[in-house]
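Residue numbers (this note's numbering), protein chains in the order written: chain A, 1 to 264; chain B, 1001 to 1331. A virtual CB, placed ideally from N, CA and C, is assigned to each residue, including glycine.
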């Protein structure tokens, strides 16, 4: 369970956002949407305890994140950053093994179950064939899958992803999103930042719309991501087409057309 | 068998052969049978005042031991720093340890101290400089803490360089200035068992600690946020690794002056063979450092009439060697 209470976030010299309140239960998924610079990444970093909250607090299962040690924090919350730029040519195996750090003692080496968790994560994302390739020699999309595999190997109960599909091709995008659905069905708490309203509608339970760091709306995806709200968020009119029970297509409207967006 | 284990085994064999060659060669050449006799007599407790025994036990062996220790220390420290700073261009002296050590030694020589005090001053100077650099860096709030650390290290190192120039400028040109200049060029010529006994524990403990932390040090090569979310106490681990690698480097500089190059390029060579995974990289980097410095020092003793300081030869021989390796890898 992830809790944000009256959260204000940013840097000591510059407040980025405030008034964020939500509770995410196990198996729930929240999408964070907002324009460039709206504070999505800063909010994620605050939820992870990488930045101290400027006001309010973040709690994991009722424990303030600021009071947790790094290893305990990592055991309950995992992070997939927007982009992973490796400094050295680690093999995919070695890179994903790093996800096991919170399970491996300071002076210890990875053991058999660590390797098993890594192979499991690689297989889940369909990248086991890459295991021995250097992370510097695979495509950006594959590298994103490696970072997600690393988070899966961590076996935390909460997963935070910063635009997880931003660099992925169509096939990998579908693979990652359906994997997120599967993890959510297994009881994992998932929070992801995204720029795609239709992605949030299809793969999240609730959506938090951030404008200038403040919540514009926080509600179930159907109620939060209406055409009006999307227009308010991005400043461009859109039309939503319902495809089936969960899926919508969000299509931008030319400003001069007089077609009226319909609420889902 | 892994490629890195193969290189490790081959490297050890090469190191042993090099050590035998180093025992035999020099101004006073020893034949293999003389070496074998001397070793046998020593084991039997009958070491004599024979010339061959003196040369082997009092001059060559301590020098061989010191070359191996210093080479291993610089190779290991270089590998650790390059991981820590996520940058293959940093060297063990990026945080100013060499320039601080040199300043300490130069000040001691300027004050009229002997070689032992100068070595001690060098060791202390190196540690104090890195402590100042890290303390300054931790007081400056910055987005990229690693970059801040490197910048402050570079600035403080150049300040140390200016201070050394000032001392040289003020030194007596007939005896102090040559002494300072020769110290700065570095040498293994005056190696004694006492020096070995003093630096060996510092260097071996430092390398052992790096080896014990080896797997975890991998995570320092990730961006700080990522390492943190994976459960690593980044600032603490980084401080331990900096302190450990600095002790190894300062101990090396204290006994044989500044030997540049080894700590920068040897880890690259090891990485070409073993890849970046630190528990495979560290032993190979230490071993390559030992081989490299022993080979260079033996060459300096045997091939040239005036002993060229190792710091000069390492660069002259190492640079083409490294360029060849790099070209072959990218081809």
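Kindly indicate if chain B contains any beta-carbon less than 9 Å away from that of residue 88 of chain A. Walking along the first chain from the start, residue 88 of chain A turns up at place 88. Yes, its Cβ sits closer than 9 Å to a Cβ of chain B.
The segment 153-169 of chain A contacting the segment 75-90 of chain A, beta-carbon criterion three pairs below 8 Å: With a cut-off of 8 Å, the segment 75-90 of chain A and the segment 153-169 of chain A count as touching, because enough Cβ pairs lie within range.
Residues of chain B with CB closer than 9 Å to the CB of residue 154 of chain A, please, in chain order. To locate residue 154 of chain A, count along the first chain from 1; it is residue 154. Going along chain B in sequence order, the residues near residue 154 of chain A (Cβ under 9 Å) are 1229, 1230 and 1231.
Any residues in the segment 104-136 of chain A with a beta carbon nearer than 8 Å to a beta carbon of chain B? Which ones, in chain order? Correct list: 104, 106, 107, 108, 109, 110 and 134.
How about residue 117 of chain A: is its Cβ closer than 8 Å to a heavy atom in the ligand PLP? Among the ligands in the structure shown, none appear at all, so the ligand PLP cannot be discussed.
Taking Cβ to Cβ, would you say residue 1095 of chain B is nearer than 9 Å to residue 1134 of chain B? As a working mapping, residue 1095 of chain B is identified with position 95 in the second chain. As a working mapping, residue 1134 of chain B is identified with position 134 in the second chain. Their beta carbons are under 9 Å apart, which means residue 1095 of chain B touches residue 1134 of chain B by this criterion.
Applying the criterion that 16 or more other CB atoms from any shown protein chain within 10 Å of the CB defines a buried residue, is residue 21 of chain A buried or exposed? Translated into positions along the first chain, residue 21 of chain A becomes position 21. By the Cβ-count criterion, residue 21 of chain A is exposed, with fewer than 16 other Cβ atoms from all chains shown falling within 10 Å of its own Cβ.
Closest to residue 165 of chain A by C-alpha separation, out of A:4, A:138, A:194 and A:159, would be which residue? As a first step, residue 165 of chain A must be located in the first chain, where it is residue number 165. Considering only alpha carbons, the answer is A:194.
Which class does residue 223 of chain A belong to by DSSP, given the choice of helix, strand or coil? To locate residue 223 of chain A, count along the first chain from 1; it is residue 223. Correct three-state label for residue 223 of chain A: helix.
6 Å Cβ shell around residue 266 of chain A - same chain, five flanking residues per side excluded: Limits of chain A in this structure are 1 at one end and 264 at the other, which puts residue 266 of chain A out of reach.
How far does the alpha helix (DSSP H) with residue 1246 of chain B in it extend, from its first residue to its last? Along the second chain, read from residue 1 onward, the residue named residue 1246 of chain B stands at position 246. Per DSSP, residue 1246 of chain B is one residue of the alpha helix (DSSP H) stretching across 1234-1256.
Between the C-alpha atoms of residue 1003 of chain B and residue 1274 of chain B, what's the straight-line distance to the nearest angstrom? What you label residue 1003 of chain B is simply residue 3 of the second chain in a count that begins at 1. What you label residue 1274 of chain B is simply residue 274 of the second chain in a count that begins at 1. It is roughly 7 Å from the alpha-carbon of residue 1003 of chain B to the alpha-carbon of residue 1274 of chain B.
Residues of the segment 49-70 of chain A with a CB closer than 9 Å to any CB of chain D: list them in chain order, please. Of the protein chains in the structure, A and B, none is chain D.
For residue 1046 of chain B, count the other beta carbons within 10 Å of its own beta carbon; 16 or more makes it buried, fewer makes it exposed. Which is it? Walking along the second chain from the start, residue 1046 of chain B turns up at place 46. So residue 1046 of chain B counts as exposed.
Please report the residue range of the beta strand (DSSP E) in which residue 252 of chain A lies. Residue numbering aside, residue 252 of chain A sits at position 252 when the first chain is read from its first letter. Where residue 252 of chain A is concerned, the enclosing beta strand (DSSP E) stretches over 248-252.
As an exercise, report each continuous alpha helix (DSSP H) stretch of at least 4 residues that is fully enclosed by the segment 1080-1111 of chain B, in chain order. Along the segment 1080-1111 of chain B, the alpha helix (DSSP H) occurs as fully enclosed runs of 4 or more residues at 1097-1110, listed in sequence order.
I think residue 9 of chain A touches residue 38 of chain A, with their Cβ atoms under 8 Å apart; what is that distance to the nearest whole Å? Within the first chain, the letter at position 9 stands for residue 9 of chain A. Within the first chain, the letter at position 38 stands for residue 38 of chain A. Wrong, their Cβ atoms sit about 12 Å apart, outside the cutoff.
Is DSSP giving residue 170 of chain A helix, strand or coil here? Translated into positions along the first chain, residue 170 of chain A becomes position 170. Note: residue 170 of chain A maps to helix in three-state DSSP.
Quick one, which residues of the segment 5-19 of chain A are near chain B if we go by CB-CB under 8 Å, in chain order? Correct list: 12.
Interface residues of chain A around residue 1279 of chain B at Cβ under 8 Å? For the purposes of this step, residue 1279 of chain B is taken as the residue at position 279 of the second chain. One finds 109 in chain A with Cβ atoms closer than 8 Å to the Cβ of residue 1279 of chain B, taken in chain order.
Could you tell me whether the Cβ of residue 237 of chain A comes closer than 9 Å to any Cβ of chain B? The residue given as residue 237 of chain A occupies position 237 in the first chain. At a cut-off of 9 Å between C-beta atoms, residue 237 of chain A does not count as an interface residue with respect to chain B.
Taking a cut of 7 Å between CB atoms, which residues from the segment 1266-1277 of chain B lie near chain A? Listed in chain order, the positions of the segment 1266-1277 of chain B with a beta carbon within less than 7 Å of a beta carbon of chain A are 1275, 1276 and 1277.
Since residue 1089 of chain B and residue 1163 of chain B should fall inside the 8 Å C-beta cutoff, what is the C-beta to C-beta distance between them, to a whole number of angstroms? Looking up residue 1089 of chain B in the second chain gives position 89. Looking up residue 1163 of chain B in the second chain gives position 163. Not a contact, Cβ separation roughly 25 Å.
Which runs of the alpha helix (DSSP H) at least 4 residues long sit entirely within the segment 1161-1188 of chain B? Give them in chain order. Here the runs fully enclosed are 1176-1185.
Once the 5 residues before and after residue 1325 of chain B are set aside, which same chain residues still bring their CB inside 7 Å of it? The sequence position of residue 1325 of chain B within the second chain is 325, counting from 1. Cβ neighbours of residue 1325 of chain B within its own chain (closer than 7 Å, five residues either side excluded): 1269 and 1272.
Is the CB of residue 85 of chain A under 9 Å away from at least one CB in chain B? One-based indexing of the first chain puts residue 85 of chain A at position 85. So yes, residue 85 of chain A belongs to the interface.
Can a CB atom of chain A be found closer than 9 Å to the CB of residue 1225 of chain B? One-based indexing of the second chain puts residue 1225 of chain B at position 225. Chain A contact via Cβ: present.
Alpha carbon to alpha carbon, what distance is there between residue 1083 of chain B and residue 1068 of chain B? The count along the second chain starts at 1 and reaches residue 1068 of chain B at position 68. The count along the second chain starts at 1 and reaches residue 1083 of chain B at position 83. A straight line joining the alpha-carbon of residue 1068 of chain B with that of residue 1083 of chain B spans about 23 Å.
Listing by chain order, which chain A residues have their CB less than 8 Å from the CB of residue 1003 of chain B? Within the second chain, numbered from 1, the residue matching residue 1003 of chain B stands at position 3. For residue 1003 of chain B, no chain A residue has a C-beta closer than 8 Å to its own C-beta; the minimum C-beta separation is roughly 12 Å.
Count the other CB atoms, across all protein chains shown, that sit within 10 Å of the CB of residue 1216 of chain B; report buried if there are 16 or more and exposed otherwise. As a working note, residue 1216 of chain B is residue 216 in the second chain. Residue 1216 of chain B is buried by the Cβ-count criterion.
Would you identify the three-state DSSP class for residue 1229 of chain B, choosing helix, strand or coil? The count along the second chain starts at 1 and reaches residue 1229 of chain B at position 229. Residue state, collapsed to three classes: helix.
As assigned by DSSP and simplified to three states, the class of residue 207 of chain A: Stepping through the first chain from its first residue, residue 207 of chain A is reached at position 207. In this structure, residue 207 of chain A counts as strand in the three-state DSSP scheme.
What is the rounded straight-line gap between the Cα of residue 1311 of chain B and the Cα of residue 1157 of chain B? Translated into the one-based positions of the second chain, residue 1311 of chain B becomes position 311. Translated into the one-based positions of the second chain, residue 1157 of chain B becomes position 157. Using only the alpha carbons, I get a separation of about 18 Å.
If you count every other CB in all the chains shown that lies within 10 Å of the CB of residue 1288 of chain B, and 16 or more means buried, which is it? Locating residue 1288 of chain B in the second chain gives position 288, counting from the first residue. Residue 1288 of chain B is classed as buried because its beta carbon has at least 16 other beta carbons within 10 Å across all chains shown.
Am I right that residue 1314 of chain B and residue 1296 of chain B are in contact with their C-beta atoms under 8 Å? What's the rounded C-beta distance? Counted from its first residue, the second chain places residue 1314 of chain B at position 314. Counted from its first residue, the second chain places residue 1296 of chain B at position 296. Correct: roughly 5 Å between the Cβ atoms.
Please list the terminal residues of the continuous alpha helix (DSSP H) segment that includes residue 1031 of chain B. In the second chain, residue 1031 of chain B corresponds to position 31, counting from 1. Taken as a continuous stretch (DSSP letters only), residue 1031 of chain B belongs to no alpha helix (DSSP H), as it is neither H nor E.
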